[in-house]
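K.L.:
Structure below; questions to follow.
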Amino acid sequence: MFDNFPLWPARASTAAGNVDALYIFLIIVSGMMTLLVFTAIVIFAARYRHRRGVLAEQIEGSIPLEVTWSIIPLGVFMVIFVWGAVVYFHSRTPPRDATDVYVVAKQWMWKLQHAEGQREINSLHIPVDRDVRLIMTSQDVIHSFFVPAFRMKQDVLPGRYTTAWFHATKAGTYHLFCAEYCGTQHSGMIGDIVVMEPAQYEAWMSGGNTGPLSATGEKLFAELGCATCHRSDTQGRGPTLQGVFGQPVQLQDGRIVTADENYIRESILDPGSKIVNGFKPVMPTFQGLVNEEQVNALVAYVKSLSGASAVKTNTAMAQPTAPAKGNQVQ
Amino acid sequence: MSMATPIVTPVEREDYLNKEYGVASWLLTTDHKRIALLYLISITFFFFIGGFFALLIRLELLTPAGDLVQADTYNKLFTMHGQVMVFFFLIPSIPAVLGNFLIPMMIGAKDLAFPRINLLSWYLYIIAGIMMLHCILTGGVDTGWTFYTPFSTAFSNTKVIEAGLAIFVSGFSSILTGLNFVVTIHRMRAPGMTWSRLPLFVWSHYATSIIQILGTPVIAITLVLVVAERALHLGIFDPKLGGDPLLFQHLFWFYSHPAVYIMILPSMGVVSEVIACFSRKRIFGYHFVALSSLAIAVFGFLVWAHHMFVAGISVYAALVFSLLSYSVAVPSAVKVFNWTATLYKGSIHYDAPMLYAFGFLGLFTMGGLTGLFLAALGIDVHVTDTYFVVAHFHYIMVGGALMGYLGGLHFWWPKISGRLYPEGWARLAALIVFVGFNLTFFPQFILGYVGMPRRYYQYPGEFQVLNVMSTAGATVLGIGYLLPMIYFLWSMRYGKPAPDNPWKAAGLEWQTQSPPTTFNFEKEPVVTWEAYNYDEIDTGHKEEVKVVG
Chain A
233 MFDNFPLWPA RASTAAGNVD ALYIFLIIVS GMMTLLVFTA IVIFAARYRH
283 RRGVLAEQIE GSIPLEVTWS IIPLGVFMVI FVWGAVVYFH SRTPPRDATD
333 VYVVAKQWMW KLQHAEGQRE INSLHIPVDR DVRLIMTSQD VIHSFFVPAF
383 RMKQDVLPGR YTTAWFHATK AGTYHLFCAE YCGTQHSGMI GDIVVMEPAQ
433 YEAWMSGGNT GPLSATGEKL FAELGCATCH RSDTQGRGPT LQGVFGQPVQ
483 LQDGRIVTAD ENYIRESILD PGSKIVNGFK PVMPTFQGLV NEEQVNALVA
533 YVKSLSGASA VKTNTAMAQP TAPAKGNQVQ
Chain B
591 MSMATPIVTP VEREDYLNKE YGVASWLLTT DHKRIALLYL ISITFFFFIG
641 GFFALLIRLE LLTPAGDLVQ ADTYNKLFTM HGQVMVFFFL IPSIPAVLGN
691 FLIPMMIGAK DLAFPRINLL SWYLYIIAGI MMLHCILTGG VDTGWTFYTP
741 FSTAFSNTKV IEAGLAIFVS GFSSILTGLN FVVTIHRMRA PGMTWSRLPL
791 FVWSHYATSI IQILGTPVIA ITLVLVVAER ALHLGIFDPK LGGDPLLFQH
841 LFWFYSHPAV YIMILPSMGV VSEVIACFSR KRIFGYHFVA LSSLAIAVFG
891 FLVWAHHMFV AGISVYAALV FSLLSYSVAV PSAVKVFNWT ATLYKGSIHY
941 DAPMLYAFGF LGLFTMGGLT GLFLAALGID VHVTDTYFVV AHFHYIMVGG
991 ALMGYLGGLH FWWPKISGRL YPEGWARLAA LIVFVGFNLT FFPQFILGYV
1041 GMPRRYYQYP GEFQVLNVMS TAGATVLGIG YLLPMIYFLW SMRYGKPAPD
1091 NPWKAAGLEW QTQSPPTTFN FEKEPVVTWE AYNYDEIDTG HKEEVKVVG
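These protein sequence lines are chains A and B, in that order.
Quick note, this note's numbering runs 232 ahead of the 1-based positions in the first sequence.
Quick note, this note's numbering runs 590 ahead of the 1-based positions in the second sequence.
What follows is the structure in structure tokens.
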């Protein structure tokens, strides 16, 4: 019967337990508050119902009571706030060596590119017990990547990357929903998250793999002629990209920005907006010349120049249990 | 309270209803009471349009597959349900009908400060309403009531500009009503009607008016920007044109979160009046209840980004807005505790308005507490944009606001119409609305946590049972809302004539005749008593007032 009458979503990520624990706490707290108020109302309503000849007793109010029932709820609220903030902070802070999956949303489908090279549409295969980081963008309107079983949701915006991460704990197939209304087939923009045991995942991954995404990016990098300016030495017209990713970059206007995925992306599509100190704004935009998936491949390539994310991926696979620590219920 | 009516005098008294007849005497009236009735008729009309859309939505969701209407039609239905209910029913509901009717009388004034502007605001509402109807009838709009960009400015091929302009115009109606109330409450109080003798209904409308005046211009500007981007391709929100889609969300929620308080604060005012009257008591902690309305109005402006925790704002912005959101929860809780405490040692009557007030307390408490869930960052990530949010805001905006509206209509119906409504039917309707409401929306909390996203035309089969429950509840709720309309209409012709003060209620509005004359009072009243002086009314003299604690 519970197949079509679920009262609780599947719990399949490290975040799920944290969110559920807070949720249960909130149900208890608000249940108690409701009980308190409702009991008082019912008792008063019954005890003080109108009787002929009995007058109401006029009471002005009470400052100590007002203070009490302002301070106590405020204290309870602050506990909820801090707990909620801790859960949120955890869910927004991806572990360092997470595996990257690039997500491109469009009306009305999900396109996913694994850093290892596999590409999928409306389904995402991932191994159990691995930190997976999603680097997401949209080709058109705002979408939202929502996996109820992971208690994870992040809006996917056009024109920039947003990120999210999860650590699946249980093999199985779970819903992927678009949670931000995006037009006609919004409710059809759904897919499957397939969490597999590591061995099965290896088998799936090796089937028809075309090589890592960064290799695709490298090829594209050459084809587009990027290498003419962005040389591996420091003699090019553009800054070298070796070891740039994740490092602070000094801009011409004095600002210092971190070379993250959004920065690389912006530098490809709108190169004039952030000029590296000491260089001239000579790079043409690649807006319209490369699609979102190609941008992702280029970003993956630039990242690979700073310590090879492919290698990181392998370490993450070799020690699947390591990052799970500290993810227990607070 | 028993409805034993005194012997009715057949002498026809002149009142605001029978003073003049004819269409012009209504359409050109500057009487705040007639304008209130014009609003009553027009918002009831839009309520049933919005309700009809809701009915179709619930019927579509009876089965997982999309089978009743097309996907695009469904998207238009929930969009226009939201727009019609929010901008053309809930926002004007209590202020423009009950507030308009009662505020001048409650403070002992002949009319609002600007009677012609009052009429103008109704005309603006009607113009906006006609624009909205035109939009609906010529194809409608499918952006969601939230108009999120860049979908609304670059992708939707429906009547976005028409809908946006209709809401733009309706905003001016709302601003003018708020302005009129603020000036009236400041300048038109009768001698002796000090700030701390004001009925809490007036206090809550004062707070509401502040939001209407300060918040509404922002949604107006935002909608103009949407129109500019859509029609002229100015890059404001669309990243392809160099804009920022999150800017839209900030601007939109800067108004639309406080707008929730435009809907709920007046309802709280009604509940204060009703609970005081039917407990025969002054409100416990009058000043705290009054000030909490202002606190809600002010803090309400500081929490908008809690609608955007997964939208792509920074972690630190999210922390701040989560913290601030709890600041609104405190005054709301204070109100609930004070109303509950008012019942203590009261002399409680169970007439229909009081049943609605109890219903309000129940639904608002649940709506408020589930707001705590949503303000908690970690929970919000999971439940935002799901049915949990849908359930939460319906508990507040329909459970709370509409319960108050209906309770208020029943309470003041004798004053408004000069007739008594049938008490038995009214109690039954209050019960049906409460039960139907919970049946409709409680399952949606579970549905949301289990993971069903909102605005889904079709859904995975496992969500069906909860959806069927919700649709079944909506049917009951629909009956509950239809009943009052039927017996109110019935009572206008067949109801017993109402005495001037059928509830023996405090408040200046009850000291004039039912229905009142055009200028409300024979001569300007002088107030020498405190608000809610039920001791004097019930015993003829002032009782000792206790301070407990």
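By construction, the Cβ of each residue, glycine as well, lies at the ideal position given by its N, Cα and C atoms.
(1) By the 10 Å Cβ neighbour count, where 16 or more other Cβ atoms means buried, how is Ile-304 (chain A) classified, buried or exposed?
(2) Within this structure, are the beta carbons of Trp-342 (chain A) and Gly-439 (chain A) separated by less than 8 Å?
(3) Short of 7 Å Cβ to Cβ, which residues in the region 728-742 of chain B face chain A?
(4) Which same chain residues end up closer than 6 Å to His-984 (chain B) when comparing Cβ atoms and leaving out the 5 residues on each side of it in sequence?
(5) Report yes or no: do three or more beta-carbon pairs, one from the region 1036-1048 of chain B and one from the region 1004-1019 of chain B, lie closer than 8 Å?
(6) Where Val-311 (chain A) and Ala-965 (chain B) are concerned, what is the direct C-alpha to C-alpha distance, given to the nearest angstrom?
(7) State the CB to CB distance for the pair Gly-1085 (chain B) and Leu-1010 (chain B), rounded to an integer number of angstroms; the pair is presumed to be in contact (CB under 8 Å).
(8) Could you check the C-alpha separation between Cys-461 (chain A) and Leu-521 (chain A) for me, to the nearest Å?
(9) Got a sec: which bits of the region 497-509 of chain A sit with their beta carbon under 7 Å from any beta carbon on chain B, in order along the chain?
(10) With respect to the beta strand (DSSP E) encompassing Thr-331 (chain A), which residues constitute its N-terminal and C-terminal limits?
(11) Can you check DSSP and say which residues form a bridge with Ala-901 (chain B)?
(12) Give the straight-line distance between the Cα atoms of Ala-1088 (chain B) and Lys-1005 (chain B), rounded to the nearest whole angstrom.
(13) Using the rule of at least 16 other Cβ atoms within 10 Å of the residue's Cβ for burial, across every protein chain shown, is Trp-1093 (chain B) buried or exposed?
(14) Consult DSSP for Thr-976 (chain B) and reduce its assignment to one of helix, strand or coil.
(15) With a CB to CB cut of under 7 Å and the five nearest residues on each side skipped, what residues in its chain are close to Thr-547 (chain A)?
(16) Could you name the residues that DSSP lists as bridge partners for Leu-344 (chain A)?
(17) Okay, do the region 944-954 of chain B and the region 857-868 of chain B touch, 3+ Cβ pairs below 8 Å being the bar?
(18) Would the region 816-823 of chain B count as touching the region 638-646 of chain B if we require 3 or more Cβ pairs under 8 Å?
(19) Taking Phe-927 (chain B) as the reference, give the member of A:Ala-248, A:Thr-271 and A:Gly-443 with the closest Cα.
(20) Taking C-beta to C-beta, are Leu-962 (chain B) and Ala-991 (chain B) nearer than 8 Å?
(21) What residue from B:Gly-957, B:Thr-976 and B:Phe-1111 has the CA that sits closest to Leu-987 (chain B)'s CA?
(22) What would DSSP say about Cys-410 (chain A), mapped onto helix, strand or coil?
(23) Hey, how far is the Cα of Leu-607 (chain B) from the Cα of Trp-735 (chain B)?
(24) Taking 6 Å as the limit between beta carbons, can you name the residues of its chain near Phe-1157 (chain B), skipping five residues before and five after?
(25) Given 8 Å as the limit, is there contact between the region 971-981 of chain B and the region 384-391 of chain A, that is, 3 or more CB pairs closer than that?
(26) I'd like the ranges of any alpha helix (DSSP H) spanning at least 4 consecutive residues and lying wholly in the region 239-283 of chain A.
(27) In angstroms, rounded to a whole number, what distance separates the CA positions of Trp-616 (chain B) and Lys-623 (chain B)?
(28) Consult DSSP for Arg-603 (chain B) and reduce its assignment to one of helix, strand or coil.
(29) Return the CA-CA distance between Pro-430 (chain A) and Ser-355 (chain A), expressed in angstroms with no decimal places.
(30) What are the start and end residues of the alpha helix (DSSP H) that includes Trp-1003 (chain B)?
(31) Taking 8 Å as the CB-CB cut-off, is Ile-1127 (chain B) touching chain A?
(32) Can you tell me the Cβ-Cβ gap for Gly-390 (chain A) and Asp-361 (chain A), rounded? I've got them flagged as a contact below 8 Å.
(33) Nearest by alpha-carbon distance to Ser-764 (chain B): which of B:Ala-907, B:Ala-614 and B:Thr-806 is it?
(34) What is the rounded straight-line gap between the Cα of Val-850 (chain B) and the Cα of Asp-657 (chain B)?
(35) From this set, B:Gly-936, B:Met-721, B:Tyr-995 and B:Arg-1083, which residue's C-alpha is nearest Val-274 (chain A)'s C-alpha?
(36) Going along the chain, which residues of the region 300-320 of chain A sit with their C-beta nearer than 8 Å to a C-beta in chain B?
P.N.:
Straight from the coordinates:
(1) exposed
(2) no
(3) Gly-734, Tyr-738, Pro-740 and Phe-741
(4) Phe-1031
(5) no
(6) 12 Å
(7) 5 Å
(8) 18 Å
(9) none
(10) 331-338
(11) Partner(s): none; Ala-901 (chain B) has no beta bridge.
(12) 8 Å
(13) buried
(14) strand
(15) The predicted position of Thr-547 (chain A) is uncertain, since its pLDDT is 35 and thus under 50; no value can be drawn from it.
(16) A:Val-335 and A:Glu-352
(17) yes
(18) no
(19) A:Thr-271
(20) no
(21) Here the sequence assigns Met to residue 987 (chain B), which means Leu is not the residue at that position. When only C-alpha atoms are compared, the closest one is B:Gly-957.
(22) strand
(23) 37 Å
(24) There is no way to answer for residue 1157 (chain B), as the model of chain B reaches only from 591 to 1139.
(25) yes
(26) 246-279
(27) 10 Å
(28) coil
(29) 17 Å
(30) 991-1007
(31) no
(32) In the sequence on display, residue 390 (chain A) carries Pro and not Gly. Actually they do not touch by this definition, with Cβ atoms about 33 Å apart.
(33) B:Thr-806
(34) 33 Å
(35) B:Gly-936
(36) Trp-301, Ser-302, Pro-305, Leu-306, Phe-309, Met-310, Ile-312, Phe-313, Trp-315, Gly-316, Ala-317, Val-318, Val-319 and Tyr-320
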